[in-house]
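Protein sequence lines, in the order shown, are assigned to chains A, B and C. All the letters of the first sequence, read from the start, carry residue numbers 4 to 284 under this note's numbering. All the letters of the second sequence, read from the start, carry residue numbers 970 to 1443 under this note's numbering. All the letters of the third sequence, read from the start, carry residue numbers 268 to 587 under this note's numbering. Below is one structure, written out as structure tokens; the observations come after it.
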Amino acid sequence: MPDALPSTVVNTTTPTNANAETPDTVFTVRDLNVYYGDFRAVVDVGLEVYEREITAFIGPSGCGKSTVLRCFNRMNDLIDIARVEGTLLYHDIDLYHEDVDPVAVRRRIGMVFQKPNPFPKSIYDNVAFGPKIAGIGGDLDELVETSLKGAGLWEEVKDRLDKSALGLSGGQQQRLCIARAIAVQPDVLLMDEPCSALDPIATGTIEELMREMKNQYTIVIVTHNMQQAARVSDRTAFFTAEADESTGQRRGKLVEYDDTGLIFSNPADKRTEAYVTGRFG
Amino acid sequence: MKPAWRPAPPSIWSRGFAAGLEVALYLVITILVAVVEYFVAGPFQDFDLSNWWIGFIIMAAWQGWHWAAAQTPVGSYVDHYIADTDGSPACFWCVVVRQLSRFGFLIALPVLAFSTNIALAVALFAVAGLLIAFLPDGRAPWDLLAGTVVSESLAFERPAALAEITKASDFQLGPQRIAENNRARRMMLIAGLSSVFISVLILWNIFSEAWEFVSASEFEWSLLTDIGWFPRRNKFDLATLFVGTLWITGIAILVAAPVGLGVAIYLAEYANSKVRTYVKPMIETLASIPSVVLGFFAISFISPDILKPGGSIFGIDFGIFSLLSAGIGVGILSVPIVASIAEDAMRAVPKELREASYGLGARKATTALRVVFPAALSGISAAIIVAVSRAIGETMVVFIAAGGSGGAIFEANPTEPGQTITAAMASLGAGTDSVAGSGIAFQSLYFLGALLFIMTLLLNVFSDAIVRRFRQVY
Amino acid sequence: MTATTPDTPKSPLKTGAGKRLTLDALKRDRSDDLTGQVFLGLLLLAVAIAGAMVLAVLITVAIDAADVLSTQFWDFLNNKSSSDPARAGVAQGIRGSILIAGIVSIVAFPVGIGAAVYLEEYASDTKLTRLIEVTVRNLAGVPSIVYGLLGLAVFVQGLRGITGGSSVISAGLTLALLVLPIIIITASEAIRAIPSTLREGAYGLGATQWEVIRTQVLPAAMPGILTGAVLSIARALGEAAPLLVVGAAAFYSTGFQGQLDQLQGAFTALPMNVATFAKLPADVWAGHAAAASVVVLVLVFAINLAAIIMRARLTKKLGR
Chain A
4 MPDALPSTVV NTTTPTNANA ETPDTVFTVR DLNVYYGDFR AVVDVGLEVY
54 EREITAFIGP SGCGKSTVLR CFNRMNDLID IARVEGTLLY HDIDLYHEDV
104 DPVAVRRRIG MVFQKPNPFP KSIYDNVAFG PKIAGIGGDL DELVETSLKG
154 AGLWEEVKDR LDKSALGLSG GQQQRLCIAR AIAVQPDVLL MDEPCSALDP
204 IATGTIEELM REMKNQYTIV IVTHNMQQAA RVSDRTAFFT AEADESTGQR
254 RGKLVEYDDT GLIFSNPADK RTEAYVTGRF G
Chain B
970 MKPAWRPAPP SIWSRGFAAG LEVALYLVIT ILVAVVEYFV AGPFQDFDLS
1020 NWWIGFIIMA AWQGWHWAAA QTPVGSYVDH YIADTDGSPA CFWCVVVRQL
1070 SRFGFLIALP VLAFSTNIAL AVALFAVAGL LIAFLPDGRA PWDLLAGTVV
1120 SESLAFERPA ALAEITKASD FQLGPQRIAE NNRARRMMLI AGLSSVFISV
1170 LILWNIFSEA WEFVSASEFE WSLLTDIGWF PRRNKFDLAT LFVGTLWITG
1220 IAILVAAPVG LGVAIYLAEY ANSKVRTYVK PMIETLASIP SVVLGFFAIS
1270 FISPDILKPG GSIFGIDFGI FSLLSAGIGV GILSVPIVAS IAEDAMRAVP
1320 KELREASYGL GARKATTALR VVFPAALSGI SAAIIVAVSR AIGETMVVFI
1370 AAGGSGGAIF EANPTEPGQT ITAAMASLGA GTDSVAGSGI AFQSLYFLGA
1420 LLFIMTLLLN VFSDAIVRRF RQVY
Chain C
268 MTATTPDTPK SPLKTGAGKR LTLDALKRDR SDDLTGQVFL GLLLLAVAIA
318 GAMVLAVLIT VAIDAADVLS TQFWDFLNNK SSSDPARAGV AQGIRGSILI
368 AGIVSIVAFP VGIGAAVYLE EYASDTKLTR LIEVTVRNLA GVPSIVYGLL
418 GLAVFVQGLR GITGGSSVIS AGLTLALLVL PIIIITASEA IRAIPSTLRE
468 GAYGLGATQW EVIRTQVLPA AMPGILTGAV LSIARALGEA APLLVVGAAA
518 FYSTGFQGQL DQLQGAFTAL PMNVATFAKL PADVWAGHAA AASVVVLVLV
568 FAINLAAIIM RARLTKKLGR
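Here it is, written out as structure tokens:
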């Protein structure tokens, strides 16, 4: 069936942005391929991520959207068998250049994970961890407070900063992880299905937070929740998993990347339309 | 250039840990040197002061390399960087004094080792400590112990707002963090290699000495099948020891397997959490009883209060020392081994298997015996093999309770005293045979050690292979 | 059971299609149940025997020790070894055991924990890593007396200049090698139990690998690591076989002279005291062997208890 459909990657370079002026590019991705051993998990992805925007990656599970996201701060380096090929530019700098230290990359490009993963330390120490290892100067207390305020958590935890972070609720833990990520003052925040483990109310709080943070950070979010992408993102990339003709293995592909409004109202690709209208996935 | 913000120095614990690691490294190097020395100068030459300088020169070369590397742009940036607390390269004299203080430590060790002049050693430490304490960067004296490990973890990066990134090489960490990271990795690798090192030491030592035994001029193969085990009189009948070891192992397994497996099945299948909180500590208590205590138990309870009255019914006269008594003692030691490994194996059987069995109308006993037990069989056999290997290697119970302290004549009857491989080694080593250091009787100790090592190694490899297969099933 | 024939269907499955299922078919099968009861009885017997073993050991030792401990308790703890039963004590053994435990912890803890960190955090699946893992597993199964041989050759004879021959240093280093694989294995298990989300959290903030290990992995794994390490000390305190080979003295008369003498001179340890007393004629010395056993047991149990308490406290501190 996929064979009958038109070419895979549609409209990646010149998104039909409603705004006249195109914002600055943060990430430029060209022909990105990710391999796990011999298995090519992601095929020929190309897209651009713009500054002070929320870019959403959607698609059915196993379509490689998280894998692509993890290329952006080189988290895939932690997997021994993972190999990344292609071009991934951050402000015109090749992130996979041999001079680039992945640790320094993660200092600028923060990440929030699927499951809230606070350290088994106090709330204060969780937020202060990043600044301490990065050697950020200034008043730590103030930094912790600003970060927690930035994550909308300050009012809830200001009286128990020295209590263990594991005592917080799931939604609070995830916001703590966001506060922890922004405490090192990164340029970009990557969010890997940040709400999948949370209830709807906590999800709403975090979505609101994301809209506020957009003024300061570039955000890339992976979500399996189409409504969430529609609600918060400016641009949406739709990935899908297609069976390889020769091997039959399912590999991730970028199908369409465009303004969120267009993706959800008038997608160019039939597969996107099928997905956003709930016919598969 | 002083930093605006100074982080808290590492805690006393992390300093202590670093110091311990570094001291351990020195010891490893010392031992390495000694091993070289041992091979060069021949076995059992005393290791005296003059030879210490080999180690000293190696260390000096290493330090010199560090210092030289720190002077080069590449070296200072990547690896061999010695920094002040504000992140700038240390001044020349700081480096010199710091490295000299490490020499001081290295000198102090041999002084400690070779003279009773403690005062001199203390003075050396004190001088070096004072030098360190009054360095411009103000380290604490005890940091001397940890050398550069701690002093460099004290160093930290200059507080940095995010700098403009214009090229790929701007994505770099500061030199301290890189150096610290590399150093940690190297030290952990050395620690990891220690196990390989110990294995090589064991193999080399034991087999070279065993070879010396076999190739000695007094040695003939017929000595290994003489009338008994009398190393002093050059009679090394292996059958005497093997029959003892076989009896001990067999009796121990006869005791440990039923009791251990019963406990394991009960804990894995029947016991609720409340009962477990009583039974588990009981098994752990049994596991923590030292084997000497069980040896004493064998001669003070098993022999006089169980075997003597029990044996009189069948007309067997038990003395205080017998293979049977020691075997039961070793069996008691092996119960917790069988119980814990077998319980783990049965717990690893997936719940679904049990539910399937119950779903078919099976009762608990049926499920335990027909479903769980066979599914866990490989783990359970591994438990038995490990227990066998432990029983073969168990020394003190047999040494105390089997009664073969001197030589032993071939004796196949377990109600009589006997000798095992391990007990024979303990007797030789303890010098009860007055052979220590003389003739091939002493080398026979290593010959037995080699035999024991091969036997237990084969059993361990075997059980390991079984466990590996059993892990793959689930 | 043997009466079961095709004519008298017992199983409800075999009842004819037309017949209605009767209550009989759902009743408990008494014979089956009896088998189950007997089986459970046997299991309980096994547990009872294991319990009896523990009690028998503890009670025997306590009864035999009662005489010595009640009449000469402090003398027994404070006196040196002696050939006179009235004056013999375990002071030298206690001193030796404490020094050995100290040396074991200084040498084996850092190296063992370091090796575990390497295996779990750094090592990728190479031949070298597999070699290390295999040797660690096999070293854990090498009989303790073989370590004694190693200690005899390397520390007592090879390094005589430093260790002073058969000394506390030699014994401590030998036992350190003995417990090293145990520490590596338990520490590896503790580190492996740390969820990878914790590591990812720290990596995502720009921590280097060492910073991740130092600030997240090691603190979180500390309860497990320390428990294993402390239990290995208990194991080292109970070992006598390697000490026999390394040359622990049955009796020695030199008093506590210089500081160096304490480390390099003749030594003994508590399990050696037990073995020595147990090897002497029982009618006179059984009480001493039992009393020394009590001291060893109290020490070992106290360390085990300390490990349990420490684990509970550390876990609580890390938890909610």
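Note that CB positions come from ideal geometry on N, CA and C, so glycine has one too. Quick caveat: nothing in here was measured; it's all calculated off a predicted structure.
According to DSSP, is residue i part of a helix, a strand, or is it coil?
i	result
asparagine 36(A)	strand
aspartate 97(A)	strand
serine 167(A)	strand
alanine 1221(B)	helix
arginine 86(A)	strand
glycine 173(A)	helix
alanine 460(C)	coil
phenylalanine 1166(B)	helix
valine 223(A)	strand
threonine 1425(B)	helix
isoleucine 1285(B)	coil
phenylalanine 30(A)	strand
phenylalanine 283(A)	coil
leucine 92(A)	strand
threonine 2(A)	There is simply no residue 2(A) to check, as chain A begins at 4 and stops at 284 in what is shown.
threonine 535(C)	coil
arginine 354(C)	coil
glycine 303(C)	helix
glycine 473(C)	coil
isoleucine 1378(B)	strand
Could you please give the first and the last residue of the uninterrupted beta strand (DSSP E) stretch that includes residue i?
i	result
lysine 256(A)	253-262
methionine 114(A)	112-115
arginine 43(A)	42-53
glycine 1197(B)	1197-1199
leucine 192(A)	191-195
arginine 234(A)	First-last for arginine 234(A): 229-235, but that is the alpha helix (DSSP H), not the beta strand (DSSP E).
alanine 1295(B)	Taken as a continuous stretch (DSSP letters only), alanine 1295(B) belongs to no beta strand (DSSP E), being part of the alpha helix (DSSP H) at 1292-1316.
threonine 243(A)	238-246
Can you say whether residue i is buried or exposed, counting buried as having 16 or more other CB atoms within 10 angstroms of its CB?
i	result
tyrosine 1247(B)	exposed
tryptophan 1190(B)	exposed
asparagine 540(C)	buried
alanine 533(C)	buried
isoleucine 326(C)	exposed
How about residue i and residue j: are their beta carbons less than 8 angstroms apart?
i	j	result
glycine 360(C)	threonine 582(C)	no
valine 1224(B)	alanine 1308(B)	no
valine 1304(B)	leucine 1346(B)	no
glutamate 388(C)	isoleucine 458(C)	yes
threonine 1458(B)	phenylalanine 1379(B)	Nothing can be reported for residue 1458(B): it is not among the residues displayed for chain B, which extend from 970 to 1443.
glycine 439(C)	arginine 110(A)	no
methionine 1424(B)	serine 1260(B)	no
serine 236(A)	threonine 70(A)	no
glycine 356(C)	phenylalanine 340(C)	no
phenylalanine 132(A)	arginine 163(A)	no
arginine 254(A)	valine 45(A)	yes
alanine 85(A)	valine 130(A)	no
Quick check on the DSSP output: the alpha helix (DSSP H) that includes residue i runs from which residue to which?
i	result
valine 1341(B)	No alpha helix (DSSP H) holds valine 1341(B); DSSP gives it neither H nor E.
glutamate 1321(B)	1320-1328
isoleucine 1252(B)	1242-1257
Assuming residue i contacts residue j under a Cβ cut-off of 8 angstroms, what Cβ separation, rounded to an integer in Å, is found between them?
i	j	result
glycine 1418(B)	leucine 416(C)	5 angstroms
leucine 1421(B)	glycine 1398(B)	That pair is no contact at about 13 angstroms.
alanine 168(A)	lysine 118(A)	Rounded, the Cβ-Cβ distance is 14 angstroms, inconsistent with contact.
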